[in-house]
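Numbering (the working numbering), first residue to last: 146 to 381. For every residue, glycine included, the Cβ atom is placed at its ideal position computed from N, Cα and C. On a predicted model such as this, the values are computed, not experimentally measured, just so you know. The structure appears right after this line, and notes come after that.
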């Protein structure tokens, strides 16, 4: 596994790099927000650990530009800025997880490995451990021009691949399995977050919010049914 650590605190950067490499995870480091995107493109990491308070460029700006460039690598934000507002802003911009400092190294490693596993499984064809709903989503017929590819799990709209972060793609695949039918939030959460630890109850709502914006250019609408869950509906 390749990990990109964007952190300007040299002591923390060194400690994390040594800890992860002892655990068999290769780490590329960057301590400058102005250089972070270039390093991201070069090393093609499986997971990015991103600090927010960086010299040269704020971490949220780095993340926003990365998503605008369709760099869909899973991102865990690590920061002392642990307010609810910061967490929501980071998740809305495109982060996949958030861990305030100080944190436990074992928990951080578990989160990193969980995101890497989900990214790998998203690029494989129907893993044997996938649920029936996920399997159906991968093989789903076209709905409003949306189709999930059987081989890769990628989602296409009118033949063009949608650049979606892993969690948004997982949610869309699950909903494509049952277009027009409600799928419970609890069920979707288990498919989207898998075995991730410490997932907040409203985390699926953040993913749904981001996906809803991505679908605005299609004829499909992500509808919230209070008390029931979510469904995909064709726009009249």
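Tell whether a beta-carbon distance below 9 angstroms holds between residue i and residue j.
| i | j | result |
| --- | --- | --- |
| residue 223 | residue 195 | yes |
| residue 242 | residue 220 | yes |
| residue 172 | residue 149 | yes |
| residue 300 | residue 375 | no |
| residue 205 | residue 238 | yes |
| residue 176 | residue 199 | yes |
| residue 377 | residue 321 | yes |
| residue 358 | residue 309 | no |
| residue 324 | residue 264 | no |
| residue 348 | residue 367 | no |
| residue 216 | residue 186 | yes |
| residue 317 | residue 373 | no |
Can you tell me which residues form a DSSP beta bridge with residue i?
| i | result |
| --- | --- |
| residue 245 | 224 |
| residue 147 | 171 |
| residue 300 | 293 |
| residue 395 | One cannot answer for residue 395 here, as it falls past the ends of the chain, which runs 146 to 381. |
| residue 305 | 302 |
For the candidate residues the options, whose alpha-carbon lies nearest to that of residue i?
| i | options | result |
| --- | --- | --- |
| residue 302 | 312, 291 and 309 | 291 |
| residue 315 | 325, 334 and 344 | 334 |
| residue 258 | 354, 174, 350 and 338 | 338 |
| residue 369 | 362, 363 and 351 | 351 |
| residue 169 | 147, 189, 217 and 185 | 147 |
| residue 250 | 305, 332, 313 and 157 | 157 |
| residue 248 | 225, 236 and 234 | 225 |
For residue i, I'd like the list of residues in its chain whose CB is within less than 7 angstroms of its CB, leaving aside the five on either flank, ordered along the chain.
| i | result |
| --- | --- |
| residue 274 | Because the pLDDT of residue 274 is 38, which lies under 50, any placement of that residue in the model is unreliable, and the number read from its coordinates should be weighed accordingly. Contacts found: none. |
| residue 253 | 244 |
| residue 166 | 172 |
| residue 282 | Low confidence applies to residue 282: its pLDDT is 38, below 50, so where it sits in the model is not reliable, and the reading given next is rough at best. The residues are 293, 318, 319, 321 and 322. |
Could you name the residues of the same chain whose beta carbon sits closer than 8 angstroms to that of residue i, not counting the 5 residues immediately before and after it, in chain order?
| i | result |
| --- | --- |
| residue 288 | 321, 324, 365, 377 and 379 |
| residue 240 | 195, 208, 220, 221 and 222 |
| residue 344 | 334 and 338 |
Closer than 6 angstroms by C-beta to residue i: which residues in its own chain qualify, once you throw out the five before and the five after it? Chain order, please.
| i | result |
| --- | --- |
| residue 202 | 178 and 179 |
| residue 188 | 149 and 173 |
| residue 181 | 151, 175 and 207 |
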